[in-house]
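Some notes on the structure that comes next.
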Amino acid sequence: MTKNFTLLIICLLCGISVAIAQNINIKGEVKDNQGLPLPGVSVKVDGTSNGVMTNKDGIYTLSAPGNGTLTFSFIGYKTISQAINNRTNINTTLTDANQELNEVVVVGYGSQKKKDITSAISTISVKDVSARPIINTSEVLAGKAPGVQVFNASGAPGGGNFSVRIRGASSPNGSEPIYVVDGVVVRNTESIDPNNIESISVLKDASAAGIYGSLGATNGVVLITTKKGTSGQTKVEVNMYAGKQQIIKKLDMLNADQYKDLIADEYTNKGQNVPAFPANFTADNNWQDLTYRSANQSGINVGVSGGTDKGTFYLGLGRLQQDGIVYGTNFKRYSTNLSLEQKLKPWLSVGTNIAYNRTDGRTVNDNQSANRGGTILGALYAPPILPIFNASGKYQANTDNVSNPLDDIYSNENHYVKNNLLGNAHAEITLPFNIKYRSQFGISLNNYNNDTFTNPLTNQGASQVNGIGSNTANETFRYTWDNTLTYSTVINGKHNITAVVGTSAIEEKYTNSYLYGTGFPAGIKTLNAASANKQISTFKTDWTSNSYFGRINYGYNDKYLLTASLRADGSSRAGINNQWGYFPAVSGAWRISNEDFLKENTVIKDLKLRAGYGEVGNLPQTLYNSYSSLDPSAYLFGGNSASGYRPANPFGNPDLKWESTKGLNIGFDLSVLNDRVAFSADYYDKKTTNFIFPVTFPTAISGNANTGYYNLPGNISNKGIEFSITGRIIAKTDFSWTANLNASFNKNSVNGMPQILDSKGNNVDQTFPFGGIGFGGNGNNTNLSIVKNGLPLGAFYGYQYTGVDPANGNALYRKADGTITAKPEAADQTYLGSGLPKGVYGFTNSFNYKSLSLDILIDAVTGNKVYNATRVETESMSSTANASAAVLDRWRKPGDITDIPGAFFGGINAAGTTNTLPSSRFVENGSFVRLKSITLSYRIKNSLFDKQGIQLTVYATAQNLWTITKYKGYYPEVNTFSSSSQQDGKLGAPSSTAVGIDYGTYPQTKTYTAGLNLSF
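Each number in this note's numbering comes from the position in the sequence shown (counting from 1) with 12 added on.
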């Protein structure tokens, strides 16, 4: 398709001409009063719809009558007009009318001038990153906004598993923000191709997000505005790119001889005879080299826009094809975005926005879902002596439930298809008395289908049941209907008032089906061929909400600003006794720079103090928890099956309500040296209460269904500061340098949780365990992450590792009383660190020299830990799996001094316990500094292009080029042990209580790309 489209572009270029004889071709450059080029300036021929926009270099070309007039306009600059007078070159300079402050910012249910913002809002223009491939919408935010952390827990094709965290983790039920696309609240951004996004606003504090109430604004709000058409000539923009991806790092594992020595040690240390290896186990394979490849990716996006004063249009089309660095994995996306706006009457305008994409991918199980049997872990654990094929030409199976990774890649299947549709239609009526009525109806439809097949010849239990097959299908449909009335007026030139009131109705329906079967005939993979263990399960959910909201903005004399809002939410997701909640917010600002005592100041251009307080909520993520419920179930009576019911949720809680976050924000904005330097800083303090926890009851009371959901006392606190400084360091005609540094520092803690009585009758803090996967080894599963008073949310909790007993090779741990032991007890566990970072940083630099541009983005996190659960396996030395090269320093004989324990087959050491208990041994520094992206672009200037109004820019970009870190695993940017493979229609959901656990994650990639941007 890419080749065909390239041919189409060439044909279009050859066919373009300017054949209007009565017109002349005009070219010019538009600069600001600092001599810098101004991109995006509207250049229009008076009295016509003929107009263009200046490019990134401030250059424009258009055809116009020689006796006409050109008007140059741009937000924040004074509009000027120039007579053409048959000139073919017209340059102009626009005078700064405080452009930055007059920029319009999208806020909830409306927009405001940036200078009138009274709360903590960050804005990002997608044009800042248009010169590099953006696969996932969350990437746009990376390093661009203070207080916003964007991290990718996986390098899987399709953008991996991106998560966004705004000002820390506020809820144990996930800390993702809510997303609002063109005014429609959506579950995620999968429907949107990031290449069709115009701008993003991030509402960070409760006073800004309060207008969204209990929809999930506890974690912030991300407002996305997609591209729209503009009046004037039809404009076509094309972005094409192709590149390569490589694994950032491979781990050092044992070779064949080293592996054989290890196995001998394992059996010898247990007093057992060393078994002989199978006769054909003579290879020396590096399974990582066989599993990973240099992978291709390519993409093309086309945007067509235009219109008249009466109506505009924008059409975006895109195709992305990305191979994964793991053989056999890939991702394809086809997307379209359509925007139409039409002014039917002077008082009536209508419009619609429709976005659709289809994704098709093949992946492999990783992380916890693989259970030691997946490709990623298999590439580490598979013995190097294991041959690829057996004597019959089939993939050689292995023992210890560790996969031959190539068998897993080529014999199994994990294929998914997703269809995502997002659309809205709106009408706006201008009424008397400066009132506007707007009605918008939006829908979101997400359809997901996943087929898996585990070949009976692989090691994942399928050999005993002759193959395993499954199909998961689900669909989520949501509609949103918003109606608002907006009133705006200015009284006596000093009192600016804008008020909005509205209603919002939401309904979401979800359906899911799951099919499973085993016992497949040879060569047949379809589920209808399964002969045993057939399972079918289906379920549906439905929830609704109704909301009423209002907001008023008041400004006096452009000095004193006040914003107040209130939202009332009623939702079926809350308990039947608590279905309504009320969420107030208020914020104010004082523009000191407009006071008389600073008006004559020549250094300070703008100075504004801000303060705000508000309350937002987070609805229960699971439904029907307020009701006791039953599930259909079959029972045996007298040897016959009979239909019946079993308890599904016997502990319904009619008082269940949303989590509530109350937040204070104090900040200021400063612009000096004629806007050459801009600085903003904020302090915030937010507390989440009523957080929802699963509470487990004794099985004797509840049967098998023994979990209920309750609002627990206590709070989750996030306190911090953040700042951003932007400087136009050099502003010359031919050379400019602009830089931005933003940073945020957050302290997270849990306080006020319930206490219990210990054996001595003392009140002690209760711990709530999470993350219970087999990190203890040999069935000694220990919950690694906990929620406990005084600690960060999801803190690592385990034993303090002190080294190795030189006498016997046992791992040693510090007990609570300070003594050293090889067999600690549960009471000896202690806090080991947190996966939540204390500092998040972004540093961008943009250099421009004539037609050459260089853009650099560096990001960093500090203060976080990573639990390297992969090392728990690769350093366990308890089975026939391969091990990390680090175990070359293991204890081997009495008297050895080392920090790596001895090898014991079966995992049980001389003390009768395991050497791989969850401990500080596997907790590592997760801080890093990374060159996130570097892009070099060049605008090709050509007289033929100029005559035809063509702009062509070529670029090369590298992503994740280098990372400075002390972390020993694949990559320090991990989020949770949940799988990055597709689950329930989306990537493994990030958990706030299991952050920073690395367990066989699909490795991250570095990418090299070359492309071009073409417009005409």
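Positions of the beta carbon are idealized from the N, C-alpha and C atoms, including for glycine.
The model shown is predicted, which means the values in this text are computed figures rather than measured ones.
Around the Cβ of residue i, are there at least 16 other Cβ atoms within 10 angstroms (buried) or fewer (exposed)?
| i | result |
| --- | --- |
| N652 | exposed |
| T550 | exposed |
| I312 | buried |
| S990 | With a pLDDT of 44 at S990, under the threshold of 50, the predicted position of this residue should be treated as unreliable, though the coordinate-derived value follows. Buried: at least 16 other Cβ atoms inside 10 Å. |
| S655 | exposed |
| T614 | exposed |
| T700 | buried |
| I536 | exposed |
| Y657 | exposed |
| D867 | buried |
Spell out the partners DSSP gives residue i in its beta bridges.
| i | result |
| --- | --- |
| R345 | L332, T371 |
| Q309 | G255, Q334 |
| V816 | A823 |
| L687 | It should be noted that the sequence gives Asp, not Leu, for residue 687. The partner list for D687 (beta bridge, DSSP) is empty, contrary to what the question assumes. |
| G318 | F325 |
| F84 | V55, I92 |
| K674 | E627, K699 |
| A968 | L948, A1022 |
| L360 | K357, I441 |
| R622 | A601, G679 |
| P49 | K43 |
| V707 | G720 |
| L350 | L327, I366 |
When you compare the CB of residue i with every CB in chain D, is at least one pair closer than 9 Å?
| i | result |
| --- | --- |
| Q408 | The question asks about chain D, but that chain is absent: this structure has only one protein chain. |
Taking the alpha helix (DSSP H) that residue i belongs to, which residues open and close that run?
| i | result |
| --- | --- |
| F561 | F561 -> not in any alpha helix (DSSP H); beta strand (DSSP E) instead, spanning 544-568. |
| D419 | 417-423 |
| Y1071 | What is shown of the chain runs 13 to 1028, which leaves residue 1071 out entirely. |
| K126 | From DSSP, K126 is part of no alpha helix (DSSP H); its letter is neither H nor E. |
| L302 | 299-303 |
Looking at the secondary structure, which residues open and close the beta strand (DSSP E) in which residue i lies?
| i | result |
| --- | --- |
| K905 | First-last for K905: undefined, no H or E at that position. |
| Y460 | 447-466 |
| Y271 | No beta strand (DSSP E) holds Y271; the alpha helix (DSSP H) holding it covers 268-281. |
| G739 | 727-743 |
| F940 | 940-952 |
| D44 | 35-44 |
| F747 | 747-763 |
| D494 | 480-503 |
| F808 | 807-810 |
| D608 | No beta strand (DSSP E) contains D608, which is instead part of the alpha helix (DSSP H) from 608-611. |
| T575 | 572-583 |
| L527 | 507-530 |
| S955 | No beta strand (DSSP E) contains S955, which is instead part of the alpha helix (DSSP H) from 955-960. |
| Y1034 | Examination of residue 1034 is not possible in this model, given that the chain is present from 13 through 1028 alone. |
| E936 | 935-937 |
| M65 | 63-65 |
| V233 | 233-238 |
Enumerate, from N- to C-terminal direction, the unbroken alpha helix (DSSP H) stretches of 4 or more residues contained entirely within the stretch 157-230. 218-221
Would the stretch 251-267 count as touching the stretch 295-306 if we require 3 or more Cβ pairs under 8 Å? yes
Using a Cβ distance threshold of 8 Å, determine whether the stretch 793-807 contacts the stretch 838-856, with at least three qualifying pairs required. yes
Using 8 Å as the cut-off, can you tell me whether the stretch 321-337 makes contact with the stretch 435-454, which would need three or more C-beta pairs spanning the two stretches below that distance? no
Within the chosen definition, does the stretch 668-676 reach the stretch 627-646 through at least 3 CB pairs nearer than 8 Å? yes
Contact between the stretch 225-239 and the stretch 574-588: three or more CB pairs below 8 Å? yes
Inspect the CB distances between the stretch 336-354 and the stretch 277-295 and report whether three or more fall short of 8 Å. no
Pairs of beta-carbons, one from the stretch 47-58 and one from the stretch 940-955, closer than 8 Å: are there three or more? no
Those runs of the beta strand (DSSP E) which lie wholly inside the stretch 819-889 and span at least 3 residues: 823-826, 842-845, 851-861, 864-874, 877-880
Decide if the stretch 537-554 is in contact with the stretch 499-509; the criterion is three or more beta carbon pairs, one per stretch, under 8 Å apart. no
Would you call the stretch 751-765 and the stretch 730-737 touching, i.e. three or more CB-CB distances under 8 Å? yes
Below 8 Å, can you find three or more Cβ-Cβ pairs linking the stretch 192-210 to the stretch 440-459? yes
On the three-pair Cβ rule with 8 Å, is the stretch 124-136 touching the stretch 608-627? yes
Answer yes if the stretch 440-447 comes into contact with the stretch 479-492, meaning at least three C-beta pairs across the two stretches below 8 Å, and no otherwise. no
Across the stretch 932-944 and the stretch 869-880, are there enough close Cβ pairs to call them in contact, namely three or more that are closer than 8 Å? yes
How about the stretch 182-194 and the stretch 229-243: do they share at least three Cβ pairs that are nearer than 8 Å? yes
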